[in-house]
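These protein sequences, in sequence, are chains C, A, E and H. So the mapping is simple: the numbering used here equals the position in the first sequence, first residue as 1, plus 236. So the mapping is simple: the numbering used here equals the position in the second sequence, first residue as 1, plus 236. So the mapping is simple: the numbering used here equals the position in the third sequence, first residue as 1, plus 6. So the mapping is simple: the numbering used here equals the position in the fourth sequence, first residue as 1, plus 6. Read through the structure below, which is laid out as structure tokens, and then see the notes.
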Amino acid sequence: MREIEYREAIREAVIEEMNMDPKVFLIGEDIGKYGGAFRAYKGLLDMYGEDRVINTPISEGAIIGAGMGAAITGYRPVSELMFIDFSTLAMDQIVNQAAKIRYMTGDNLRCPLVIRTQGGAGRGVAAQHSQSLEAWFYHVPGLKVVMPATPYDVKGLLKTAIRDDNVVMFIEHKMIYLLKGPVPEEEYTIPFGVADIKRQGTDVTIFAYSNMVYKSLEAAAELENYGISAEVFDPRTLVPLDEDALIASVKKTGRLVVVTEACERGSVASDVAAKVSLKAFDWLDSPVKIVAGLNTPIPYNSTLEQASIPHKADIVNAVKEVMGI
Amino acid sequence: MREIEYREAIREAVIEEMNMDPKVFLIGEDIGKYGGAFRAYKGLLDMYGEDRVINTPISEGAIIGAGMGAAITGYRPVSELMFIDFSTLAMDQIVNQAAKIRYMTGDNLRCPLVIRTQGGAGRGVAAQHSQSLEAWFYHVPGLKVVMPATPYDVKGLLKTAIRDDNVVMFIEHKMIYLLKGPVPEEEYTIPFGVADIKRQGTDVTIFAYSNMVYKSLEAAAELENYGISAEVFDPRTLVPLDEDALIASVKKTGRLVVVTEACERGSVASDVAAKVSLKAFDWLDSPVKIVAGLNTPIPYNSTLEQASIPHKADIVNAVKEVMGI
Amino acid sequence: MAELTREQKVEFLKTIITIRRFEEKTIQLYQVAKIWGYLHPYVGEEAIAAGTCAAIKKSDYIISTHRGHGHSIAKGADLNRMMAELLGKSTGYCKGRGGSMHIADTELGMLGANGIVGGGIPISVGAGFSCKMEAQGRVTVCFFSDGAANNGVFHEALNMASVFTLPVIYVCENNMYAISMSACESISCKDIANRASSYDMPGVIVDGSDPEAVYGVVSSAVARARSGKGPSLIEAKTYRFGGHHPNDPAEYRDKKEVEYYKSEKDPVINYKKKLIDEKILNEEEIKMMEEKIKKAVEDSVRFAEESPEPQLERFLEEVKSI
Amino acid sequence: MAELTREQKVEFLKTIITIRRFEEKTIQLYQVAKIWGYLHPYVGEEAIAAGTCAAIKKSDYIISTHRGHGHSIAKGADLNRMMAELLGKSTGYCKGRGGSMHIADTELGMLGANGIVGGGIPISVGAGFSCKMEAQGRVTVCFFSDGAANNGVFHEALNMASVFTLPVIYVCENNMYAISMSACESISCKDIANRASSYDMPGVIVDGSDPEAVYGVVSSAVARARSGKGPSLIEAKTYRFGGHHPNDPAEYRDKKEVEYYKSEKDPVINYKKKLIDEKILNEEEIKMMEEKIKKAVEDSVRFAEESPEPQLERFLEEVKSI
Ligand SMILES: Cc1ncc(C[n+]2csc(CCOP(=O)(O)OP(=O)(O)O)c2C)c(N)n1
Ligand SMILES: Cc1ncc(C[n+]2csc(CCOP(=O)(O)OP(=O)(O)O)c2C)c(N)n1
Ligand SMILES: [Mg+2]
Ligand SMILES: [Mg+2]
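Below, the structure written as structure tokens:
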């Protein structure tokens, strides 16, 4: 199969959906001539014009408001927040407005809005440009949360997101835009709530999403050297979460390590760990371990930055621990 | 001991601290003549004048910015967000600015800022005025999170918060402002990170904070009828969290039910459950149960609203479950 | 602008009185706890909704506020479904999920009341894009009050509406207070309409107690918007006759000020008088109108009271899908 | 206003050249990855920082942006500690924790660069309250660029500064772009200074390439602020000579436009020429100045390179207390 970059997969998804549905449009900062901060929208302004590729002022609240207002009146906007860190300027529109409108109006109004953004550390861009904030959105009823790791997943899930009738937080990772992976030429979509086992294993389940899938796969490869067969479980969507598949995996392996790049305290990892600890209590041979970012604003200095987020070695060690070696 | 209302305890704390330290001032909406939406600041404008009781326009971002700017230049402001739901309009200032400034400047600037606010359901004020959003702040390094349940706790902790050199999210609950409890006449403070066992017990630990302390105490009383001795553990501050005391309690009882009013998914309860499941794995006789709010925007209709948050019966049932009866 | 027809004037009065009576009833019901939560009556401000909504079509959109009953009624909402919503019933616009602060209806083009002050303003940008993109001449009216004009989203939205020439009419109902905060002390310019110059759009002041005046300025702004010339900002000077909510004694206001507005600027009194003076209606006709309205309001209460509560099981079932 | 002294003028030039050379060096270091993350050079805009900071005292506060090196330097920052910060070293202003976008220093009254566009503007309100409450005549200068003027917090902050008569000077460095977004297409008024009228404060436009002109208008605004008359908004027209960051080819800009500003509005070229014309300095003296600056910049690089990395253990220890 051909291999394309993660950002190219995003671009393809958007193009296919825009071609199919005239109600789909894009709105955000520097998405015009500039093609988006990570160039995922390269050339789209020329293809679709200013009416469907709307380059905005720096007004995050209004960017989401624009998306929501269009969504409740029949359009299917993709609003972009350049960094998830800037969602802080749009939380009312995301959380109090978009996420709630359907439920607080008894399904009178629907809001088919995709909010594309990206997070994560690793580029030396310090505390205000490196956060992993998915836990906030995970906690808000009315938001779906999608965090694709591969070009294949990002394309199939973005298409599904655009077609979904609800608000979808679509969270990419800044370190993987240039990463290549197989993506079929033919059209496909990926349903929400269906996990993908990125690597089969029998001794331990490693739950990981977004960029941490790669670190987990590296860890799993190294763990082979110790005779440990690790399963890498990628939920792909955090809301809805494929709990059944996860419990099944844990029942098979008897052990779970949950990985997240986000700060450990109050992370999605804790939530997953708590769920599994409850629901698979009798199948767990050892307590669920969490591998997460430190509870610190991400520092600029590279050594400190790297020390703030999980790496292969941390995952390997955690697995060894739950394996009792 | 004399008994005073929760809101009166807040008022006393503020008065004592303002009298002691001229750098302390109050800023927020309708805190002047109106005395605050819950009248905790009644009469303070007359006592301290407009320079220290600053009644602002509806500009949540600037209310926190005002607090932060004053805090990093030597003052000790108490910024008020009338409802925690409105923190959505100030998240950049809270999370990217105030919470981070100390750490991202290598301790060059300090920000002794208290953000007073209140949350919770039960008053029929629907989806945008009833949220419990502490999980967001719990997840942000650089914020302390305080959630006092009683008049005694709110007074002692607010005084500590005002004296703290960091950013403190001080989260009250709208249903308990009029509740009375014993508060000594003499000055006292309560240190952060020290839990209070609101009721001693031996069979099961119920972890609960804010308004849920009361529901848990009711549940504990009812559980006596079943011969179950429940310990009600109130952490009082979520960050820092008195983990040692919690683990000690669980080691004693062997069972844990974690209660929160917030939506279950990604809640502080999950985090606490995950921590205990890991650290007290060998002491747990049954899996940690969570009793939490439903994953829904809070509805207006009273029956539905009440169904969305935990009650005594839910806690009782959860305890029975972990007790295997 | 064309002269107003008799029918239009009668309709203004009917809308104004309907809103007034509806609000009075909600206050009563609030006092006996049949309505609870927050209730923000629109008493005193009725002419703005009446004049504004008369200047737009059924297919146009409106965006409302926490003080939104008047907007809905003027846009043509069914009193029964409104009252049912306020009583939290399953027949309400939001099936009892929303209550006073969240009434919304797709059919009606009512894009939502809002519990967040200013929360609706950014949504106007999206509704505006929608109107512009579909190019059917549809417009969006966005209501808000003085307090909201200090929320940052006001700035972001008006700037964006201007930059993209969106067909949005911003109607600021300056009732001089945001809870206890006086507009004079919280807004750094004499008139909120002044702020239009920051956004390169017309800024107009109008007497919010006069439905015809409101209708006039809104009509011009609507014409402008429909012809592709973009947004306008209208500041309607008005007054909240009661406290912020029924339990607010509003001690922060000067009694004389309150008296002045109640005696000089009551749209119900003034407009009745005007129509009588103009011989458009006589006392008798007005009385009949009042009675019809009274009955409609009472019917709405009966409808609401007789309506079933939302089903708990169904709610719990639905929550699973969120 | 008093005539400028020779010393003041020489100081302007020195500041301008220092910023320019410092920035050129950071770009070099960025290209060889000694500095990483985001770097936003201030090349072309130096006269604004130079003129502004000369008009305030050491004890006054400044609030900066993501493009903040010039502000720090003009406020008197130590080049060594700045460069060390950019290299992520423990001797940097933030011990390597912050990098380019987060330089701040209590001593210097530099309340922070900011990675959030507009993020510093609300902070000015608090610094302003602080200045007002202590009543020592201190003022706060808040820098931001055109893009930030569309962030809602701009509106909230300027309104509040005005309502409370805070001693804050808002200096908008309108360099005509926010990354690729042209100010003409994103701002709904011709000049950002216009927006001052929404906040009942003076709004002044000044040529940002001329340090004396900037000094003049800022001095007036500072005098106004110190005398208790409240905030001002100054729009300094300027141009970002390079791309948004060193790797941005800035293809969205017209070549002619870039050429025009580089040839006509370069503060280094123009002000050198002016001081020579005015016979305040001769070529030789300027050369000596340049050399001193060059050495200072090179020293800062050496200092930074020789400085120790932050200690990992210590960091890990500190994190436990967060
Ligand atoms: C963002 C936000 N801040 C504060 C509040 C609390 N609050 C509810 S109504 C109100 C006053 C609103 O004033 P205004 O916009 O003038 O509307 P009015 O009540 O006069 O119609 C306030 C402060 C809120 N709901 N939302
Ligand atoms: C709130 C926010 N939105 C978007 C960004 C991404 N971003 C960084 S710099 C920039 C442009 C800023 O433009 P302007 O304020 O004019 O400053 P300049 O770069 O011209 O100095 C943008 C959009 C950001 N950092 N913060
Ligand atoms: Mg008002
Ligand atoms: Mg700019």
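All C-beta atoms, glycine included, are put in the ideal place defined by N, C-alpha and C. All figures in this text were calculated on a predicted structure; none of them were measured in a lab.
Apply the 10 Å Cβ neighbour rule to residue i and answer buried if 16 or more other Cβ atoms are within range, or exposed otherwise.
{"i": "PRO255 of chain E", "result": "exposed"}
{"i": "GLY105 of chain H", "result": "buried"}
{"i": "PRO418 of chain C", "result": "exposed"}
{"i": "GLY342 of chain C", "result": "buried"}
{"i": "SER78 of chain E", "result": "buried"}
{"i": "VAL361 of chain A", "result": "buried"}
{"i": "ALA371 of chain C", "result": "buried"}
{"i": "GLN354 of chain C", "result": "buried"}
{"i": "GLN34 of chain H", "result": "exposed"}
{"i": "TYR245 of chain H", "result": "buried"}
{"i": "ARG308 of chain E", "result": "exposed"}
Using a threshold of 8 Å, state whether the C-beta atoms of residue i and residue j are closer than that.
{"i": "MET340 of chain A", "j": "PRO533 of chain C", "result": "yes"}
{"i": "THR21 of chain H", "j": "VAL177 of chain H", "result": "no"}
{"i": "VAL493 of chain C", "j": "ALA456 of chain C", "result": "no"}
{"i": "LEU85 of chain E", "j": "MET295 of chain E", "result": "no"}
{"i": "ASN531 of chain A", "j": "GLU497 of chain A", "result": "no"}
{"i": "TYR258 of chain E", "j": "SER186 of chain E", "result": "yes"}
{"i": "ILE294 of chain A", "j": "ALA184 of chain E", "result": "yes"}
{"i": "ASN537 of chain C", "j": "ARG103 of chain H", "result": "yes"}
{"i": "ALA431 of chain C", "j": "ASP478 of chain C", "result": "yes"}
{"i": "TYR445 of chain A", "j": "LEU474 of chain A", "result": "yes"}
{"i": "ALA133 of chain H", "j": "ILE62 of chain H", "result": "no"}
{"i": "HIS251 of chain H", "j": "HIS108 of chain H", "result": "no"}
{"i": "VAL440 of chain A", "j": "MET405 of chain A", "result": "no"}
{"i": "PRO471 of chain C", "j": "PHE428 of chain C", "result": "no"}
{"i": "ASP260 of chain H", "j": "VAL145 of chain H", "result": "no"}
{"i": "ILE240 of chain H", "j": "VAL264 of chain H", "result": "no"}
{"i": "ILE308 of chain C", "j": "LEU262 of chain C", "result": "no"}
What residues match up with residue i in a beta bridge as DSSP calls it?
{"i": "GLN354 of chain A", "result": "A:GLU408"}
{"i": "PHE150 of chain E", "result": "E:CYS178"}
{"i": "PHE261 of chain A", "result": "A:PRO313"}
{"i": "LEU492 of chain C", "result": "C:THR441"}
{"i": "LEU239 of chain E", "result": "E:TYR176 and E:GLY209"}
{"i": "CYS499 of chain C", "result": "C:GLY529"}
Going along the chain, which residues of its own chain have a beta-carbon closer than 7 Å to the beta-carbon of residue i, five neighbours each way excluded?
{"i": "ILE23 of chain H", "result": "VAL274, MET295, GLU296 and ILE299"}
{"i": "ILE300 of chain C", "result": "SER315, ALA326, GLN329, ILE330, ALA334 and ILE351"}
{"i": "ARG312 of chain C", "result": "ASP257, LYS259, VAL260, PRO348 and ILE398"}
{"i": "TYR284 of chain C", "result": "MET254"}
{"i": "ALA306 of chain C", "result": "PRO313"}
{"i": "GLY268 of chain A", "result": "LEU281, VAL289 and ASN291"}
Excluding five sequence neighbours on each side, which residues of the same chain lie with their C-beta closer than 8 Å to the C-beta of residue i?
{"i": "VAL390 of chain A", "result": "TYR242, ALA245, ILE246, ALA249, PRO384 and GLU408"}
{"i": "ALA39 of chain H", "result": "none"}
{"i": "LYS262 of chain H", "result": "none"}
{"i": "GLY310 of chain C", "result": "LYS259"}
{"i": "GLY271 of chain A", "result": "TYR277, LYS278, GLY279, LEU280 and LEU281"}
Tell me which same chain residues have a C-beta within less than 6 Å of the C-beta of residue i, skipping the five on either side of it?
{"i": "THR97 of chain H", "result": "ALA90 and SER313"}
Within 8 Å (strictly less), CB to CB, does residue i reach chain D?
{"i": "PRO377 of chain C", "result": "Any reference to chain D falls outside this structure, whose protein chains are C, A, E and H."}
Checklist entry - Of all residues in the structure, which have a C-beta closer than 6 Å to any heavy atom of ligand 3, taken in chain order? => result Result (chain order): E:SER151, E:ASP152, E:GLY153, E:ASN181, E:TYR183 and E:ALA184.
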